[in-house]
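Engineer:
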Amino acid sequence: MSKIIEKIKSRRRELRLSQQQLADRLGWGQSRIGNYEAGVRDISTEDLKEIASALEMTFDELVSGGYASTNIRNQAISGSSVNIKTANQISLGTGLIMQLEQDASHTHRIDYLDVRAAAGLTGFENSDYPEIVSSLFLSDEGLLQIIGRKSAAGIKIVNVPTDSMEPTIRKGDWVFLDTNIDYYNGDGVYAFAIDNALFIKRIQKLVGGGYRLHSDNKDYDPQDITDEICQTAKFVGRFIKTIHIDVASL
Numbered sequence: 001m002s003k004i005i006e007k008i009k010s011r012r013r014e015l016r017l018s019q020q021q022l023a024d025r026l027g028w029g030q031s032r033i034g035n036y037e038a039g040v041r042d043i044s045t046e047d048l049k050e051i052a053s054a055l056e057m058t059f060d061e062l063v064s065g066g067y068a069s070t071n072i073r074n075q076a077i078s079g080s081s082v083n084i085k086t087a088n089q090i091s092l093g094t095g096l097i098m099q100l101e102q103d104a105s106h107t108h109r110i111d112y113l114d115v116r117a118a119a120g121l122t123g124f125e126n127s128d129y130p131e132i133v134s135s136l137f138l139s140d141e142g143l144l145q146i147i148g149r150k151s152a153a154g155i156k157i158v159n160v161p162t163d164s165m166e167p168t169i170r171k172g173d174w175v176f177l178d179t180n181i182d183y184y185n186g187d188g189v190y191a192f193a194i195d196n197a198l199f200i201k202r203i204q205k206l207v208g209g210g211y212r213l214h215s216d217n218k219d220y221d222p223q224d225i226t227d228e229i230c231q232t233a234k235f236v237g238r239f240i241k242t243i244h245i246d247v248a249s250l
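Listed below in structure tokens is the structure:
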């Protein structure tokens, strides 16, 4: 049963769900999921079937299926985006460079935050204290290869649910943000909040004053904002890189 519990936890994190969000899918209370994952309450077969469905997998995959591990030796990892197929691990050559658990080799922690970082101008409401859904742990090489940094300080991950920043940021992509840059610091792609709605947009300073918010998707028109609005906006971080996840059946 312990292996099944670990699989439930790993799959939940892979889907970037909190215990509460998984419980909501099932119509249960959060404590029930917490007790199951802590191993203090036995899981019935019927509950396992419901959990498997909520985790978007079959019952057989939950109780007997294996995990996928992805090797990105031949994947392009330079530039601003990385395309991978993954379940819970990424390796480069023969070395594991990213995983969901911390160990002696994977010490660089990057938290995935439960914020709906909207790439569309409608935005999504966001808590001032977003819950940490899960964390990634990278090796020194993984941090350098995937993020292009030697330190993970201030780096967070959010998810983009719309297509307005395609092709730069595709719908469903993970976005790595440098939250140390919490102000406009030259033209680039930022995550920022206006009136409590969070956006990821390319910001361009205009010669005559004000700023233009660009969506890289040409189907979306740019929008201009004043200097005052930009100054009062809450900058969350500056875009570093995206990871596009192609989910593979296990």
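In full-length UniProt numbering, the protein residues as written are 1 to 250. All C-beta atoms in this analysis are idealised placements derived from N, C-alpha and C, irrespective of residue type, glycine included.
For Val175, which of Asp182, Tyr183, Met165 and Lys7 has the nearest alpha-carbon?
Structural biologist: Check the Cα spacing between Val175 and each of Asp182, Tyr183, Met165 and Lys7: the tightest is with Met165.
Engineer: Is it buried or exposed for Arg238, if we count other Cβ within 10 angstroms and need 16 for buried?
Structural biologist: buried
Engineer: Could you check what DSSP says for Ser134 in three-state terms: helix, strand or coil?
Structural biologist: strand
Engineer: Ends of the alpha helix (DSSP H) at Arg25?
Structural biologist: Gln19 to Leu26
Engineer: With contact counted as at least three CB pairs below 8 Å, one residue from each stretch, are the region 148-156 and the region 224-241 in contact?
Structural biologist: yes
Engineer: Which class does Asn180 belong to by DSSP, given the choice of helix, strand or coil?
Structural biologist: Asn180 falls in the coil class under three-state DSSP.
Engineer: With a cut-off of 8 Å on the beta carbons, I'd call Ser135 and Arg109 a contact; round off their distance for me.
Structural biologist: 5 Å
Engineer: Could you tell me the distance, in whole angstroms, from the CA atom of Arg202 to the CA atom of Asp60?
Structural biologist: 44 Å
Engineer: Excluding the 5 residues flanking Ala153 on each side, which residues of the same chain have their C-beta closer than 8 Å to its C-beta?
Structural biologist: Asn180
Engineer: Taking the straight line between their C-alpha atoms, what separation do you get for residue 285 and Asp24?
Structural biologist: The requested residue 285 is not part of the displayed model; the chain covers only 1 to 250.
Engineer: In angstroms, rounded to a whole number, what distance separates the CA positions of Asp216 and Val40?
Structural biologist: 49 Å
Engineer: Drop a sphere of 10 angstroms on the beta-carbon of Tyr183, count the other beta-carbons inside from all chains shown, and report buried for 16 or more, exposed for fewer.
Structural biologist: exposed
Engineer: Between the alpha carbons of Ala38 and Gln231, how many angstroms are there, rounded?
Structural biologist: 46 Å
Engineer: Assuming the contact rule is C-beta atoms closer than 8 Å, Asp227 and Gly209 should be a hit. Round their C-beta distance to whole Å, please.
Structural biologist: 6 Å
Engineer: For a test of the three-state rule: what should DSSP assign to Asn159, helix, strand or coil?
Structural biologist: strand
Engineer: If you count every other CB in all the chains shown that lies within 10 Å of the CB of Ile51, and 16 or more means buried, which is it?
Structural biologist: The residue is buried, with at least 16 neighbouring Cβ atoms inside 10 Å.
Engineer: Using a Cβ-Cβ cut-off of 7 Å (strictly less than) and excluding sequence neighbours within five positions of Arg212, which residues of its own chain qualify?
Structural biologist: Gln204, Leu206, Pro222 and Asp224
Engineer: Assuming Gln145 is part of the beta strand (DSSP E), what are its boundary residues?
Structural biologist: That residue, Gln145, is in no beta strand (DSSP E); it is neither H nor E in DSSP.
Engineer: Can you tell me where the beta strand (DSSP E) with Arg12 in it begins and where it stops?
Structural biologist: Taken as a continuous stretch (DSSP letters only), Arg12 belongs to no beta strand (DSSP E), being part of the alpha helix (DSSP H) at Ser2 to Glu14.
Engineer: From which residue to which residue does the alpha helix (DSSP H) around Ile229 run?
Structural biologist: Asp227 to Thr232
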